[in-house]
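All remarks here apply to the structure that follows.
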DNA sequence: TATGAATGAGTGTTCATTCAT
DNA sequence: AATGAATGAACACTCATTCAT
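Chains as they are written, first to last, in my numbering: chain A, 725 to 922; chain B, 725 to 922; chain C, 725 to 922; chain D, 725 to 922.
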């Protein structure tokens, strides 16, 4: 009995990611993916039941990686002060994104392709994983540690700032060392911190 | 191309926009557009030479509207203090976006569909129009009025904050009156303002 | 403005019918149909919105032809005695089927391919057209002119007898003149006629 | 092929039959069958060399069952009068079909799917098995016991009458007790019996 | 200006079948 | 005996685009 080729599943995901980064999520097709991996088109369906399933898996893999980079346990550790935890969260994403500058682009592309149906139950599931951060943020809002605006506004600020930075890096506009995490953190924290921040 | 019946040109754009908002930019097709307008498919090509051309025109129209909402003359008026001009700019976008909550979604969808080729010459053209704001921001950075981070980081913060807000409104998460412009402006300004801000 | 090529619609139907007769309804594919007509595959969708739509149209066309062959007005003419009307009905189908020995095969093949979903609303519509005959038969049952068995049993007897006969003819088992309508009518009528038949 | 595990061979046939009854013979696929049985797709090919082989075996099994229900020995027993033997034949099928209302549908579906090629050598083989009945009928025709029409016309009358009845039962249109065998036998016999019947 | 017709290339997906294990 | 992997061919259907009218 031949082993389920785990390598291939990953290679398919990698090919998909590569296409997304090069041509956009809308340009992903099973033909292109298969051609890139060097397998037959129908083979894709051995590892993913759908194109949606494939895209979703790439999305989930990317989110899992980001979360693995940060230390989730710390984020829920109530013995750590909220501002510290928020900083840890941002630091985690930032470091990962700078190391993997395609990561956030990937996430955003897939989200914008699939999320439009508004109520796509699959993406909802994934979002659920992110609830840890959302919960953390909501806590911080309630405690007055960060400003009283909708939490997804806070989150989108973090995301778009870091994403834009990594895009700039990828385009070679400047060097990673030109702007430190502190620079961005400072900017953001000055903006979002609430009356009870310190 | 692009002849007499201006009404129809607009109706085609409107239909395109509607499809983007409902199903995402990737779902736009000349068939759907034509059906929605009630014309024949080939008629679309009388007004737009391409599907890309069509999408681009919707993109440009939307950006033009936003800019028309703000007072561009003021933004370049050197007799007005930089912080004031920046506020005017944000206010302009904010007011327009709250009034037209689909606007930023439209822009983002098209950008993410077409912009991925990275070097799409058409979108580059459009970006040019936005140089007014970019120039303003760069000026502010140079003067130390806002922090020394890449200007597109500043801009993406403005964009994503307001966009997230309008999405929340459209989803009915809260009422427009629940969060004033001041709230968001305060947050953002606290974040981005530089040493020479006041 | 080019005229909607009515010829082609018919040619597509004809090709479909030919395939059904040669290989069975399950073997119909848009590729085969198009190839047979000498057009591109996608062209089929200009004339029929579906493969189902195409099959259905062939089905309906065949039924319409059969009904046009018989004189429907007579069947509902209450001044004509029931036995006479029943005979007219059988005669109509018989003559048409002998002249067009593929007709009943066509109908049966499509019915067996599409009708399995049991509740296919499209076929139901078509069956509706046949209600005229069903009504006639029910009348005859109620009047004791034909035996008290479910009307569709009566109808299937007529159909299968004639169908088998035409199949035999097509296979060249014997000549049309070898068995007259009278022969079959006699057989059937002796079977189905009720106590109040004469 | 066709090795040890007889249970599995049967289970595959059962699954096939179930699919035919639910979705029609054209919808049968080895994937679906395997899924239904809970085995791997390729396993099917251990028991049947073909999809055609599989379908054929289901067909043959069904015909064998029907024939086993009737007493074949009696049908060829020349000491029994022809009319009696014909009645026995009809009674056998009727009883079996009422008990197994899917039986005739199964046979018909497969016949219509495979038999269209007209000359399918496999089905021809099967028909051979039925020669016993055909011979009986031919004998009856020659003796003037039943009318002088092609024997397959006689046979199709029997088949379609009973089939329609069982379909009605399955659809719940009436109860099995509502129409006795006698009712149908009487109808049919009155129709087909020849000058030398009694 | 407007349209219906036409097409070729493309889409995602399913399938029957084979083969190494 | 049984399976997972693999594939090539087929499928229905959609699309952007062109062209004659």
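Backbone N, C-alpha and C define an ideal beta-carbon position, used for all residues, glycine too.
In terms of Cβ geometry, residue 752 of chain B and residue 735 of chain B do not form a close pair [threshold 8 Å].
Counted as a single uninterrupted DSSP element, the alpha helix (DSSP H) harbouring residue 888 of chain A occupies residues 875 to 894. Here DSSP, grouped into helix, strand and coil, assigns residue 775 of chain A to helix.
Nearest in C-alpha terms to residue 808 of chain D, of all of D:776, D:788, D:774, D:870, is D:870. Straight through space, the alpha carbons of residue 741 of chain B and residue 793 of chain B are spaced by roughly 19 Å.
The shortest C-alpha to C-alpha distance from residue 747 of chain A to any of A:859, A:837, A:732 is the one to A:837. Contact annotation: the segment 765 to 772 of chain A does not touch the segment 794 to 808 of chain A, with fewer than three C-beta pairs closer than 8 Å. The Cβ atoms of residue 903 of chain D and residue 887 of chain D do not sit closer than 8 Å to each other. Within the DSSP secondary-structure output, residue 870 of chain C pairs in a beta bridge with C:917.
Straight-line spacing of the CA atoms in residue 757 of chain D and residue 743 of chain D works out to 8 Å.
Counting of Cβ neighbours within 10 angstroms places residue 896 of chain B among the exposed residues, the total staying below 16.
Rounded to whole angstroms, residue 782 of chain D and residue 755 of chain A show a C-alpha spacing of 38 Å.
Of the other Cβ atoms in all chains shown, fewer than 16 fall within 10 Å of the Cβ of residue 800 of chain D; this residue is therefore exposed. Rounded to the nearest whole angstrom, the CA to CA distance from residue 784 of chain A to residue 774 of chain B is 35 Å. At the C-beta level, residue 914 of chain B and residue 914 of chain A come within 8 Å of one another. Membership of residue 737 of chain D in the alpha helix (DSSP H) is indicated by the continuous run 730 to 747.
Cβ proximity to chain B below 7 Å picks out 750 from the segment 750 to 768 of chain A. The C-beta of residue 906 of chain B has fewer than 16 other C-beta atoms within 10 Å across all chains shown, which makes the residue exposed. Closer than 8 Å to the CB of residue 885 of chain D there is at least one CB belonging to chain C. Against chain B, the beta carbon of residue 880 of chain A has neighbours under 8 Å at 884, 885, 887, 888, listed in chain order.
In this structure, residue 911 of chain A sits away from residue 864 of chain A, with a CB-CB distance that is not shorter than 8 Å. Chain-ordered, the chain A residues with CB closer than 7 Å to the CB of residue 877 of chain B read 885, 888, 889. For residue 839 of chain A against residue 872 of chain A, the beta-carbon gap comes to about 26 Å, at or over 8 Å, which does not count as contact.
Residues of chain A with a Cβ closer than 7 Å to the Cβ of residue 804 of chain B do not exist, since the nearest Cβ in that chain sits about 24 Å away. Distance from the CA atom of residue 860 of chain A to the CA atom of residue 876 of chain A, rounded to whole angstroms, is 12 Å. Bounds of the alpha helix (DSSP H) holding residue 816 of chain B are 806 to 823.
Shown here for residue 816 of chain D: same chain residues with a beta carbon closer than 6 Å to its own, the five before and five after excluded, namely 793, 794 in chain order. For the segment 765 to 799 of chain B, the set of positions with a beta-carbon nearer than 7 Å to some beta-carbon of chain A is empty. At least one C-beta of chain D is nearer than 8 Å to the C-beta of residue 874 of chain C. Non-local C-beta neighbours of residue 830 of chain A in its own chain, meaning closer than 8 Å and more than five positions away in sequence, comprise 741, 744, 745, 782, 783, 786, ordered along the chain. Where residue 797 of chain B is concerned, the enclosing alpha helix (DSSP H) starts and stops at 796 to 799. Leaving aside the five residues that flank residue 867 of chain C on each side, the residues in its chain whose CB is nearer than 7 Å to its CB run, in chain order, 806, 920. Residue nearest to residue 874 of chain A within the set B:857, B:898, B:874, B:882 is B:898 (criterion: CA-CA distance). Residue 855 of chain C sits exposed, since fewer than 16 C-beta atoms from the chains shown fall within 10 Å of its C-beta.
For residue 914 of chain D, the residues of chain C that pass the 7 Å Cβ criterion are 914, 915, in the order they occur in the chain.
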